[in-house]
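Going by my numbering, the final residue of the sequence shown carries number 150, and the count climbs one at a time with no gaps.
Heads up: the structure comes next, in structure tokens.
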Amino acid sequence: MQVGKLISIIIASTIKFIGGPLTGAALGVPWVQTALGTALGMMLSVAVVTFAGNAIQAVIDRYRSRKPRRFTKRTRRAVRIWKRFGMAGIAFLTPLILTPIGGTAIAVSFRVGRLRLLSHMLVSAAFWAVLQTLLLYQVPGLLGFFSHR
């Protein structure tokens, strides 16, 4: 396998998880390597946000106005998921709905410990990378569905 193709899969899945399997399929990379690159890409985002999240939050808090925060529809939804399912729910939904950066940012905002956050996200990344990649590679016409949108 070419290193450039693997790097493309990793970069695509750092921002939007489904980007990894789509990139791997489009480049003709075997599904196992695509799943591995997809999981690596998500975990790269998770690690960066986890270790830089507190510093980023401190800078944001420093420059944020002192007005009380208002809950938006998005923050209410995140709190509801957190209260009902905890870190496991956030990790489970990260590749599907929240994106690797968004899901990790939510977990960091709830002050989840680094080891707990990384372990939950790793399990989720591995599970969803294999499932999404296999579905994309094995279901006829599914790749065409995504490419025409």
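The beta carbon of each residue, even a glycine, is placed where N, CA and C say it ideally should be.
Exposure of residue i, with buried meaning 16 or more beta-carbon neighbours within 10 Å
i, result
"P22", "buried"
"V60", "exposed"
"P101", "buried"
"G114", "exposed"
"Q133", "buried"
"A89", "exposed"
"I91", "buried"
"I11", "buried"
"S120", "exposed"
"G20", "buried"
"R72", "Residue identity differs from the one stated: residue 72 is Phe in this sequence, not Arg. Exposed, because fewer than 16 other Cβ atoms sit within 10 Å of the Cβ of F72."
"S110", "exposed"
"A53", "exposed"
"T157", "The shown model of the chain, from 2 to 150, leaves out residue 157, and the question about it has no answer."
"F86", "exposed"
Anticipated Cβ contact below 8 Å, residue i with residue j, distance rounded
i, j, result
"T51", "T15", "Not really, about 13 Å apart at Cβ, beyond 8 Å."
"A130", "A48", "Contact doesn't hold; Cβ gap of about 16 Å is too wide."
"L118", "A108", "5 Å"
"A27", "L137", "The pair is not a contact, with the Cβ atoms about 10 Å apart (cut-off 8 Å)."
"S9", "T24", "5 Å"
"W32", "L135", "6 Å"
The ligand ZN heavy atom lying under 7 Å from the CB of residue i
i, result
"W32", "You won't find the ligand ZN in this model; it holds no ligand whatsoever."
In chain order, each alpha helix (DSSP H) run of at least 4 residues that lies wholly inside the segment 58-125:
74-94, 101-110
Could I get the ranges of all uninterrupted alpha helix (DSSP H) runs contained in the segment 19-50, with 4 residues as the minimum, in chain order?
20-28
For the 8 Å Cβ check, are there 3 or more pairs between the segment 120-129 and the segment 28-44?
yes
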